[in-house]
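Residue numbers (my numbering), protein chains in the order written: chain A, 213 to 627; chain B, 451 to 736; chain C, 16 to 261. Each residue gets a CB set at the ideal place from its N, CA and C atoms; glycine is no exception. Just so you know, these numbers come straight off a predicted model, no measurement behind them. What follows is a short report on a single structure.
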Amino acid sequence: MVKRNKLFAVAMVLFLLVGTLGCSSQSQSGSGDSKDNPKQPYKIGLLIPMSGDAGDHGQIMIDGAKIAQEEINAAGGILGRQVELIPFDSAANTEKGVTGAKKLIEQDKVDALVGTYRTGVALAVMDVAADAKIPFLISMAASDEIRNKIGKDNSYYKYVFKVAPDVADYTANLLPFLTDITKAKTYYYAAENTAWAKQLGSVMKKQAEAAGIKLVGEAYVDTSATEFTATIMDIKKANPDVVVCGIITAPGVPFAKQYYDAKVPVPMVVTSGVLTIPNTIKNMGAQSDYISFGLFNIDKPITDLTVPFWEKFQEKYGYRGTGFNEVKTYDSIRILAEAINKAGSFDKDALAKTLETEQFKGLAGTYKFDETDHQAKWGEGYVNGVLAEWKDGKAQVIWPENVRDSALIRAPWWK
Amino acid sequence: MAFIQLVISGVLQGGLYALIALGLTLTLGVMRITDLSYGVYYTLGAYFSFFFIIKLGFNFVLAGILSVVLAFLIGLLVERLLLRRIISDELSVMILTFAFAYALEEIIVFVWGSPFRTLPPYAIGTLNIGGILLEKQRLVSFAVAVVLIVLVLLFLKKTRFGKALRMVSQQQHGAYLVGIDVQLIQRLTFAVGSFLAASAAVLLSPIYLVYPAMGWSPLLKAFGIVILGGMGSVKGTIIAAFALALIEVLSSYYINQSLSQVSFFVVLILVILIRPSGLFGNREGV
Amino acid sequence: MVLEARGLTKRFGGLVAVSDVSLTINQGEFVGLIGPNGAGKTTLFNLLTGFHRPSAGTVVFKGEDITGLKTSGRVHLGLARTFQIVQPFPELTVSEHVQVGLLTNKRKKQINVQQEIEEILNAVGLVEKSNDLAKHLSLGQLKRLEIARAMATGPSMILLDEPFGGLGQHEIAAIQELITDLQHKGVTILIIEHVLKAIMNLCQRVIVLNEGRILAQGTPEEIINNPEVVGAYLGKTDSGQLKKVL
Numbered sequence: 213m214v215k216r217n218k219l220f221a222v223a224m225v226l227f228l229l230v231g232t233l234g235c236s237s238q239s240q241s242g243s244g245d246s247k248d249n250p251k252q253p254y255k256i257g258l259l260i261p262m263s264g265d266a267g268d269h270g271q272i273m274i275d276g277a278k279i280a281q282e283e284i285n286a287a288g289g290i291l292g293r294q295v296e297l298i299p300f301d302s303a304a305n306t307e308k309g310v311t312g313a314k315k316l317i318e319q320d321k322v323d324a325l326v327g328t329y330r331t332g333v334a335l336a337v338m339d340v341a342a343d344a345k346i347p348f349l350i351s352m353a354a355s356d357e358i359r360n361k362i363g364k365d366n367s368y369y370k371y372v373f374k375v376a377p378d379v380a381d382y383t384a385n386l387l388p389f390l391t392d393i394t395k396a397k398t399y400y401y402a403a404e405n406t407a408w409a410k411q412l413g414s415v416m417k418k419q420a421e422a423a424g425i426k427l428v429g430e431a432y433v434d435t436s437a438t439e440f441t442a443t444i445m446d447i448k449k450a451n452p453d454v455v456v457c458g459i460i461t462a463p464g465v466p467f468a469k470q471y472y473d474a475k476v477p478v479p480m481v482v483t484s485g486v487l488t489i490p491n492t493i494k495n496m497g498a499q500s501d502y503i504s505f506g507l508f509n510i511d512k513p514i515t516d517l518t519v520p521f522w523e524k525f526q527e528k529y530g531y532r533g534t535g536f537n538e539v540k541t542y543d544s545i546r547i548l549a550e551a552i553n554k555a556g557s558f559d560k561d562a563l564a565k566t567l568e569t570e571q572f573k574g575l576a577g578t579y580k581f582d583e584t585d586h587q588a589k590w591g592e593g594y595v596n597g598v599l600a601e602w603k604d605g606k607a608q609v610i611w612p613e614n615v616r617d618s619a620l621i622r623a624p625w626w627k
Numbered sequence: 451m452a453f454i455q456l457v458i459s460g461v462l463q464g465g466l467y468a469l470i471a472l473g474l475t476l477t478l479g480v481m482r483i484t485d486l487s488y489g490v491y492y493t494l495g496a497y498f499s500f501f502f503i504i505k506l507g508f509n510f511v512l513a514g515i516l517s518v519v520l521a522f523l524i525g526l527l528v529e530r531l532l533l534r535r536i537i538s539d540e541l542s543v544m545i546l547t548f549a550f551a552y553a554l555e556e557i558i559v560f561v562w563g564s565p566f567r568t569l570p571p572y573a574i575g576t577l578n579i580g581g582i583l584l585e586k587q588r589l590v591s592f593a594v595a596v597v598l599i600v601l602v603l604l605f606l607k608k609t610r611f612g613k614a615l616r617m618v619s620q621q622q623h624g625a626y627l628v629g630i631d632v633q634l635i636q637r638l639t640f641a642v643g644s645f646l647a648a649s650a651a652v653l654l655s656p657i658y659l660v661y662p663a664m665g666w667s668p669l670l671k672a673f674g675i676v677i678l679g680g681m682g683s684v685k686g687t688i689i690a691a692f693a694l695a696l697i698e699v700l701s702s703y704y705i706n707q708s709l710s711q712v713s714f715f716v717v718l719i720l721v722i723l724i725r726p727s728g729l730f731g732n733r734e735g736v
Numbered sequence: 016m017v018l019e020a021r022g023l024t025k026r027f028g029g030l031v032a033v034s035d036v037s038l039t040i041n042q043g044e045f046v047g048l049i050g051p052n053g054a055g056k057t058t059l060f061n062l063l064t065g066f067h068r069p070s071a072g073t074v075v076f077k078g079e080d081i082t083g084l085k086t087s088g089r090v091h092l093g094l095a096r097t098f099q100i101v102q103p104f105p106e107l108t109v110s111e112h113v114q115v116g117l118l119t120n121k122r123k124k125q126i127n128v129q130q131e132i133e134e135i136l137n138a139v140g141l142v143e144k145s146n147d148l149a150k151h152l153s154l155g156q157l158k159r160l161e162i163a164r165a166m167a168t169g170p171s172m173i174l175l176d177e178p179f180g181g182l183g184q185h186e187i188a189a190i191q192e193l194i195t196d197l198q199h200k201g202v203t204i205l206i207i208e209h210v211l212k213a214i215m216n217l218c219q220r221v222i223v224l225n226e227g228r229i230l231a232q233g234t235p236e237e238i239i240n241n242p243e244v245v246g247a248y249l250g251k252t253d254s255g256q257l258k259k260v261l
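Here it is, written out as structure tokens:
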């Protein structure tokens, strides 16, 4: 009995240790009612993952948000009120997200919410925000479930807007690689066996077919796969003009390495994920060469905010952003500030009206929200992405043409 | 042609699976425990070699040796400090090793952060032998894995420690009765298991990724292999490892790529239904 | 005095399996340990040989306190045992069993291993089986193999746990003879046995364990006539009936 008790004590200590290390970041809250008092700061609650499996994204988001805060405050704040950020660790977990939203709204009395990395968290927090009539800008969660939910009842979700790209935007981001850059007639989709990658695959197929490009083969590999001979042989057999890669987690790296070593004569473009992160690429050597990939933002003059932002980011934090987390958080906060300034009051209905009708400048282009489902529009003149290619460990921008570093660099063994 | 290519790729992969599963089979046979933290030593091996190669700039050989030696020492400590007291209580061992694996994963996140890391390959390029492609990196890793496996087998057959280990695995009480220090053998075997898991990681990290949760997938595969091979049979484990790799690569080409993992577990379930003790298991020990 | 236990106690959770047992065994003595099922006999063996740590008490062997010593260490000191349920190495041959036992034998520097193996196998009557794998032996052969392996470690004392259990008359006689030989060679013997008849003729002294405590000890004759022992064994029946059983 004693022995057993001791064991459970040890086990409990270990579990607690996991818990404490996991949720080390709580916010310090400001007190007092801030509503509409010009002396009081304008409080924005950031619901972001700082622990759990998406934990490393949170800090990047905060780093992006801080730059937006500084810029807005330096320019006089939001109608004279300084911006204050109150982060909460949602751990990319629905339950914690809801708790966090309630805590931010009820205890910290925030004026608006920004964030959520996971769709599930966004879908739950939407209701909390709508009930409390708190503006909520969804910065990262992508699934089209979100805009469908807003579209079905947009008077209830009046203050919820989706800054994050839609699923279709992820693939629309890659499409110019097939249409403009390689003039492909066929493509092969190599992806992970996950709901997300399958969703991407079916949207991609629609967009490609609309552009007259045929899907000639697809592979959904297991997320724990490490050996891709079968996939590569299947690609060779299908002989497509382009490989679109939707392997965005761990197997992406061994796949890319094997793809390189096998000298498959077909250009490959990758959607967001492990192969688009500089840290991953850093030690891959030549094996990362000739991989093209879609990005939501990079340090090119996409709008006049973009290059200064990336310079500030690099200078302040000493690392490169991902082109997504920090960009979308920054843009969300800028949009919020710009909309209130444009509306000329802190009235929430005026804010909602402005968000629905006006356009807003961000790092990734011009934000214009759909009047029905509040999804930021994608494409020329709106928000748009870039395509880049890894060469010698550096991302060379290859699209759009007005900001590119070079044309597509062709591997010697491509057909 | 396609078939030959697939079989060769499967064999190369199988050698590494065998290396990973070998350590688990030894611990299982000698200690009679279900060690759910086995994957931790794989993860640690990868992080150690990342640290030595990228942060300290050591060469691969030195980094690899240091990594596996460290894993061996950690194995010794864990056995002594955590497992020894509860070794006879199967449930406690499972809970404790599971908790330990999670705690260590969080510690790794704390120390090294959670982003994906990569290591440069130490052999770049591909051999093309009559249309059959052989990646040099995988060839080198396979060769080293085979050498390690052969060394372990010789060690089991020839050395005094190896013989004692086999006796403990065959009959623990009997081993006590002839004066074998069973606890010492168990401790060393556990450390050898940690060493083998870490060496697999050293060989595979230039091919794969390094990240905190990387140990779970090899743990699952190693368990599948060990069960298929007959719980504690070295011969069975090695054969099952190659079988797993071949089933994965062949089924994903000829059936469906998303079924590569499923097909192995289907085979595993069938084998267990027909032969509950696995392919080579009748509790013969190592 | 070879072996001495003082105040040995073993608790498993709330259950006290062995309670404050003190006993001494003298050099060359042949002692029987009897008692009803669940009396704590095997637990006591486990405490004496180091398979269990006692909750309280000490064990002294040849003048040395071995309470904290591992089983392997006790074997090296010359304290051997067998198990009630045989524990052979299934994949080793009969002669290999003896060989591994000899590895721990303190005298191994001075002995001819081959000759020693032959002698031991001769003594236990397994010479013809010397190249057979243990997993192919019969129960009686395994029981003898178990003793052979214990003998090979060069013990000055052997603890035998039900060596006759599950055997026929013929096998029992063979093992009785084997044990008597051992005693003649000067090995001290402590034996647990259910087949009381088989040891009553051999033992110089019998210790009776009941509910974890020593109930009585004495010569076989004294034990048979001890009413407490009779009660423990047979409930309310008389000693005449016990005599019949014995």
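Residue i, enclosing beta strand (DSSP E) - first and last residue
i: L427/A; result: 426-433
i: K255/A; result: 254-260
i: Q608/A; result: 606-611
i: M480/A; result: 480-482
i: T119/C; result: No beta strand (DSSP E) contains T119/C, which DSSP labels as neither H nor E.
i: F505/A; result: 503-507
Chain-ordered chain B contacts of residue i [CB-CB under 8 Å]
i: V465/A; result: F566, T568, Y658, L659
i: A95/C; result: L627
Those residues which DSSP pairs with residue i across a bridge
i: A402/A; result: A431/A, C457/A
i: K150/C; result: Beta-bridge pairing links K150/C to no other residue.
i: V326/A; result: L258/A, L349/A
i: M172/C; result: L94/C, T203/C
Within 7 Å, strictly: CB atoms of residue i and residue j
i: T687/B; j: T477/B; result: no
i: A639/A; j: L583/B; result: Since the first residue shown for chain A is 213 and the last is 627, residue 639/A is missing from the structure and cannot be characterised.
i: L507/A; j: G597/A; result: yes
i: Q499/A; j: K524/A; result: no
i: W625/A; j: P477/A; result: yes
i: A277/A; j: L297/A; result: yes
i: D378/A; j: D356/A; result: yes
i: A555/A; j: L563/A; result: yes
Range of the contiguous alpha helix (DSSP H) that encloses residue i
i: D275/A; result: 268-286
i: G489/B; result: 488-500
i: I162/C; result: 154-167
i: R588/B; result: 586-608
From the options, residue whose alpha carbon lies closest to that of residue i
i: I621/A; options: D582/A, G535/A, S504/A; result: S504/A
i: L466/B; options: S649/B, G563/B, I677/B, K685/B; result: S649/B
i: L462/B; options: V596/B, S655/B, G581/B; result: V596/B
i: L182/C; options: G22/C, G155/C, Q198/C; result: G155/C
i: V109/C; options: S145/C, A231/C, C218/C; result: S145/C
i: V128/C; options: V139/C, V113/C, L84/C, R68/C; result: V113/C
i: L157/C; options: A167/C, L141/C, G169/C; result: L141/C
i: A693/B; options: Y661/B, G728/B, W666/B, L646/B; result: G728/B
i: R588/B; options: I454/B, L723/B, I458/B; result: I458/B
i: S591/B; options: A651/B, S708/B, L456/B, A452/B; result: A651/B
i: I470/B; options: Q636/B, P726/B, V676/B, I705/B; result: V676/B
Chain-ordered neighbours of residue i on chain C, where CB pairs are closer than 8 Å
i: Q621/B; result: Q102, P103, F104, P105
Where residue i meets chain B, residues with beta-carbon distance less than 9 Å
i: R164/C; result: G624, L627, V628
Residue i at chain F interface by Cβ criterion, 7 Å
i: N537/A; result: Among the chains of the structure shown, chain F does not appear; the protein chains present are A, B and C.
Amino acids of chain C, ordered along the chain, whose beta-carbon sits closer than 7 Å to that of residue i
i: M617/B; result: F104, V115
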